[in-house]
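One structure is given below, encoded as structure tokens.
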Amino acid sequence: MEQDTIPGETLELIERIGSADMVVGVLQSDPEGEADGAARLVREAVAGLSGVARAVVIHNNGTSYGQASSLNGTEQQDGVVVLPCRLSNPQRSDQPDAYRVIFAAGGKLAARACGVIASDLRAVTAQWICRLVQPSLEKGFDLVTPCYAGHKFEGLLNKSIIAPLNRALYGARIQSPLGPDFGLSGKLLGQILGQESSARAGQPIRLAASITADAISAGLKICETNVGVRLQPPTDWMNLSSLVAEIMGPVFLEMERNAAVWQRVRGSQPVPRFGEPAPMPDQPGNTDVRRMLESFQLGVQNLREVWGLVLPPSTMLDTVRLARLPADQFRMPDELWVSIVYDFALGYRLRTISRDHLLRAMTPLYLGWVASYALENEPAGPAAVESRLERLAKAYEAGKSYLVSRWRWPDRFNP
Amino acid sequence: MWGQVGQSLNQAMVRVLSRFASLLPGLAALIVALLVSVLAASFVAAILRRLLVRIRFDERVLRTGDFPSLAEWSPSKSPALLLTRLIWWAIVLVGFLVGVSALDTAITSELALRVFAYLPGVLAALVVLMAGSIIARFLSRSVLIGAVNMNLQYARLLSAGVKWLVIVLTVAMALEHLSIGGDIIRLAFGILFGGIVFALALAVGLGSKELVSRSLEREASRMPARDAEESFRHL
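If you want it as structure tokens, here you go:
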């Protein structure tokens, strides 16, 4: 990653600062009515950490250093330097540019640890930041991923695809492989910066999707930390396919990039988890899955020829049969869902159809899984849901041999 | 008098035979050109076919799904075979035209010149048709996936409408390049294109009145359900 990633004014200031023990990137603006919210949070977090003489906060609050005030006063007061910054796409879930700037700044300042806070600041606490960077600073971990407290119908893309797929591929049981909040050691920062330099010439890497995979592939020490409840904007149902494409595209791309690594991995291991879990938020009341079922059935009626390019005939047949079931009996078997995800990953790799079409065509199938999961788990408690998700993760692991076979011999192996 | 008739007939016979004799080298050249072109075409086609088999052209083309009609048009459902046959015929056609122009008569030379002058138009029409077919397929698939994701019941109708609009436009452009039809094609295209748009408008506005009202009713009944859906978070 080169210095031109960092905006000019911020780079100038970073060069003047020279070095720091820790860099914290805050990607969201301060909550309304709290002008100095991010800086206050980091100051409180630094107070709880040992051995941090100087911390730099890069805050994406839409202003620039020239517009900010009393910077030197802040630094002299408690060793925390706040660099206001304007980064592109602060609302996007993957925030590739923002991650790049923060990692580049961390590298330039030779930081021992780096934290990225991408969640809504109304939910973030000082303890949250502290827990993300502490394992790197004090326990020698290279990557700290977050564990959010959420009810059973939150983080469904993560629960249905990203976490179990990551576990099956790379063998590490991580709750939120895509963060978006992370804690990184200086060692991992150095590795990412090195890879970025080489990737610059070719295809740029989507950082949020590659951090966990890179750390596991390099055999670095990884842990999780309980942070708390994450605030999320309500779902925009009309643009759900864009969300699916935006999240799944980089995941499948990383799969392609790391194929040599994950094909050698067997089974999975848990990673250490720190911090007390936050209390669960209230469970949702009644859930209505009619619309999702309709979307799935409409997909089966109209998208068969598109799905047929990606899915083998046996999977297509099972999908069509599933669409005929009445709502109360609608359950998508784990094996079916896993083979759908693996076949779409393969279709993405082979460019069977336009990649954007492929990912968007996956949305009705995903809604089918969500409907099935919601119907099955509506009355279930947290432990039952946990065990249900564990079963799904094991199905992903069991289906990995199918993925490896199709990945290696896409033309020869077609059940 | 009979003597004069016989003399005239003799002279005519001599003229025809001498004309025919003068054509013989040209005919021989035509036959040689045809034979050489057939040999050259077979040689090029064999090399091309071997090359296409080696790079698994059929699998690559058919697997993308962007050229499904190519398989239907191809002999033995093999686009590689289609391509090699096209190349074979093109080389033979060029050989034939070279042979025809060797006859060295005003008509054949004119014919060869005209055919050669027409070739760029044919090539342009082929390119337009191929590009139009790909664009029609891409757009219809985009519309289909988008409409299904928006839960529109008439997704397939919209997708087919877009596909046929693009195909009609493409065919009209190809015919324009081939200089076939002239104003008739323009007029027919205007009527057909306008007709499709009008039919779609009627289908949605009048013919599908009930469908639309049912859709709206369903949307209205979903309003309370939307609150229940708010419990779901995907990120």
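Read top to bottom, the protein sequences are chains W and Y. For what it's worth, the numbering used here labels the leading residue of the first sequence as 2, then goes sequentially. For what it's worth, the numbering used here labels the leading residue of the second sequence as 91, then goes sequentially. A virtual CB, placed ideally from N, CA and C, is assigned to each residue, including glycine. Just so you know, these numbers come straight off a predicted model, no measurement behind them.
- In the three-state DSSP reduction, V311(W) falls in the coil class, being neither helix nor strand.
- When DSSP reads this structure, I59(W) sits in a beta bridge with G26(W) and L84(W).
- Leaving aside the five residues that flank A216(W) on each side, the residues in its chain whose CB is nearer than 7 Å to its CB run, in chain order, D143, L144, L189 and I223.
- Of all residues in the region 215-247 of chain Y, those with a C-beta nearer than 9 Å to a C-beta of chain W are F228, R231, S232, L234, I235, G236, A237, V238, N239, M240, N241, L242, Q243, A245 and R246, reading in chain order.
- L113(Y) is outside the set of residues whose beta carbon lies under 7 Å from a beta carbon in chain W.
- For A180(Y), the enclosing alpha helix (DSSP H) covers residues P169 to A192.
- In the structure shown, the three-state DSSP call for R174(W) is strand.
- In the assembly as shown, Q135(W) is a buried residue. Its beta-carbon has 16 or more other beta-carbons within 10 Å.
- With respect to A245(Y), N240(W) sits apart: the two C-beta atoms are not nearer than 7 Å.
- Taking C-beta separations shorter than 8 Å and ignoring five residues to either side along the sequence, the partners of L232(W) in its chain run S120, D121, R123 and A124, following chain order.
- Using a Cβ-Cβ cut-off of 7 Å, S321(Y) counts as an interface residue toward chain W, since at least one Cβ of chain W sits closer than that to its own.
- Apart from sequence neighbours up to five positions away, the residues of its chain that approach I18(W) with a beta-carbon distance below 7 Å are V57, V82 and L110, ordered along the chain.
- Closest by C-alpha distance to E155(W), out of Y403(W), K395(W), A396(W) and E379(W), is E379(W).
- The alpha carbon of I59(W) has as its nearest neighbour, out of A105(W), S177(W) and G49(W), the alpha carbon of A105(W).
- For the pair I235(Y) and R361(W), the CB atoms are nearer than the 7 Å cut-off.
- Interface annotation for the region 387-399 of chain W against chain Y: empty, criterion Cβ-Cβ distance under 7 Å.
- Using a Cβ distance threshold of 7 Å, E225(W) and R274(W) count as a contacting pair.
- Cβ-Cβ distances below 6 Å link G26(W) to I59, I103 and V117 in the same chain, with the five nearest sequence neighbours on each side left out; the list follows chain order.
- Under a criterion of Cβ atoms nearer than 8 Å, the residues of chain W adjacent to L325(Y) are, in order, S94, G156, L158, N159, Q233, L244 and I248.
- With fewer than 16 other CB atoms across the displayed protein chains lying within 10 angstroms of its CB, D37(W) is exposed.
- Shown here, F331(W) sits in coil according to DSSP, grouped into three states, outside any helix or strand.
- Looking at the DSSP output, E10(W) shares a beta bridge with no other residue.
- Between S296(W) and L359(W), the C-beta spacing is not below 7 Å.
- Remark: three or more beta-carbon pairs, one from each stretch, lie closer than 8 Å, so the region 112-127 of chain Y and the region 182-189 of chain Y are flagged as touching.
- Sequence-distant partners of W238(W) (beyond 5 residues in either direction) whose C-beta falls short of 8 Å from its own C-beta, in its chain, are R292.
- The beta carbon of D335(W) is closer than 6 Å to those of L393 and A396 in its chain, skipping five residues each way along the sequence.
- For F253(W), the enclosing alpha helix (DSSP H) begins and ends at L241 to R258.
- Scanning its chain for C-beta atoms nearer than 7 Å, with the 5 sequence neighbours on each side dropped, one finds around T364(W) the residues L241, S242 and V245, in chain order.
- Taking a C-beta cut-off of 8 Å against chain Y, the contacting residues of the region 347-374 of chain W are L351, R352, T353, I354, S355, H358, R361, A362, T364, P365 and V371, listed in chain order.
- The beta-carbon of S296(W) is placed less than 7 Å from the nearest beta-carbon of chain Y.
- Three or more beta-carbon pairs separated by less than 8 Å are not found between the region 211-222 of chain Y and the region 142-152 of chain Y, which leaves the two stretches without contact.
- Here the region 322-332 of chain W makes no contact with the region 200-210 of chain Y; the two share fewer than three CB pairs at distances below 8 Å.
- When DSSP states are grouped into helix, strand and coil, G116(W) belongs to the strand group.
- Counting every other CB atom within 10 Å of its CB across the protein chains shown gives E139(W) a total below 16, marking it as exposed.
- Shown here, E379(W) sits in coil according to DSSP, grouped into three states, outside any helix or strand.
- In this structure T213(W) does not touch I162(W) by the C-beta definition: roughly 14 Å separates them, more than the 8 Å allowed.
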